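Heads up: the sequence shown at position 103 corresponds to 104 in my numbering, and the numbers run straight through without jumps. To keep things clear, I will list the structure first and then write my remarks on it.
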Amino acid sequence: MQKLLSKKGDLLDANGELIEKGYSTTPVRTYNPENVSLYPVSLLNKIRIKEWDYYGITTRDYFVSATISHIGYAGLIFVYYIDFKTKQYIEDTLITPLGKGFTLGRSSDDDSYFKKDDITFAFKKKGIEREVYVNWPQFGKGKGFHAHWIIKQTPLDSIVMMTPIGKKRFYYNQKINCMPANGAFILGGKEYAFNFNQALATLDWGRGVWEYTSFWNWASASWFLPDGTTFGLNLGEGFGDLSYATENCFFINGRIHKLDKVKFNYDNTHFMKPWYFGSNDGRLGLTFTPFFERVATSNLLVITSEVHQLFGMYNGFVVDNSGKKITVSNIIGWAEEHHARW
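Here it is as structure tokens:
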């Protein structure tokens, strides 16, 4: 079942439970974390809430990403850069206890910030434009990272999930694919510039209360078909009650084409082997061939995380809402496995 929601209102009721469960193509529910009620003590509820804004920019030659995240016990910022040709990979993370210096918006239209000493992250939105500003002089053992990007939210649809995790836990998530991006960043003294015709951005905006031990898969792509049409992909599994809806879908020129269940088939002992994706409705069949593996791990006593994010090429087919079969050929994207104790 894929339950499409359209009624506006609060996300959580007075007991901290989702009022409605399913998916939408724009945010219709208002995130109200003050209603989270796992415990009678409000402070304990606050440290169980996880929030993040993740931006990724895909070009033909590289991928670059910036994130502001607050996971209750701590706040995290991180940036990473991957050169597809040389396989150069640089990543850095800064963690602050209890999220000091972090401000995350209640909706994907709200601004999010982090400020500490000479480090600044500012994610803003005005009209259809999103602005990403990062100043991190100490990034990468002194290499420094400075970025200013303008991202146009021209896609008409996104995928928004209201997923229950047990009774009083939930995941409220919006993913926007294929947003044209323009700007530049300086890494290690070298400037990298891109324009709206060369780069597409993805936003992963997440808010929720998760199980302490969690696992998920995510697959995504934002790129161009041979005729210049934008093609976005979003697939996921591994957490919550997906009987109301899955996040599986693809986008053609900003319009959503919703899928039912999609199976991730891969070897978690050899992540660089090809991955295979197939939908139960026969509308998607893709092979993902990795060319780079990003491994990100952390171990901070109560917080542990291990991510295997593979970058590579998608090939195969999708079938759109009208029944037309579309060939997918060498679309740049990623697929990941994530284990967390948080």
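Beta carbons: idealized from backbone N, C-alpha and C, even for Gly. All values reported here derive from a predicted model rather than from experimental measurement.
Residue nearest to T31 within the set A75, D54, I50, S109 is S109 (criterion: CA-CA distance). Between V329 and the set V296, V29, F251, the nearest pair of CA atoms involves F251. Excluding five sequence positions before and after G286, the CB atoms of its chain that fall closer than 6 Å to its own CB belong to G279, G317, F318, given in chain order. In this structure, Y82 places its C-beta atom within 7 Å of the C-beta atom of L188.
The beta carbon of A75 sits closer than 8 Å to those of I96, T97, P98, L99, G100, L301, I304, all from its chain and outside the five residues before and after it, given in chain order. Beta-bridge annotation (DSSP): P291 is paired with G313. D268 counts as exposed, since fewer than 16 other beta carbons sit within 10 angstroms of its beta carbon.
When V320, K116, K262, D228 are compared, the shortest CA-CA separation from V135 is found for K116.
In this structure the stretch 160–172 does not touch the stretch 140–148; the number of beta carbon pairs closer than 8 Å is below three. In the displayed model, L44 falls within a helix according to three-state DSSP. Within the stretch 153–193, the complete beta strand (DSSP E) runs of at least 3 residues fall at 160–166, 170–188. When C-alpha distances from K142 are compared across T59, I91, G102, H258, the shortest belongs to I91. The beta-carbon separation of N235 and N178, rounded to 6 Å, stays under the 8 Å limit for a contact. In terms of Cα proximity to I129, the closest of R256, K153, K51, D112 is K153. Distances from the CA of M314 to each of D321, W335, S323, G209 were compared; the closest alpha carbon is that of W335. The beta carbon of L157 lies closer than 7 Å to those of G255, R256 in the same chain, with the five residues before and after it left out.
Fewer than three Cβ pairs drawn from the stretch 29–47 and the stretch 181–198 lie within less than 8 Å of each other, which leaves the two stretches out of contact.
For G141, the uninterrupted alpha helix (DSSP H) run begins and ends at 140–143, by DSSP. Straight through space, the alpha carbons of I160 and S7 are spaced by roughly 13 Å.
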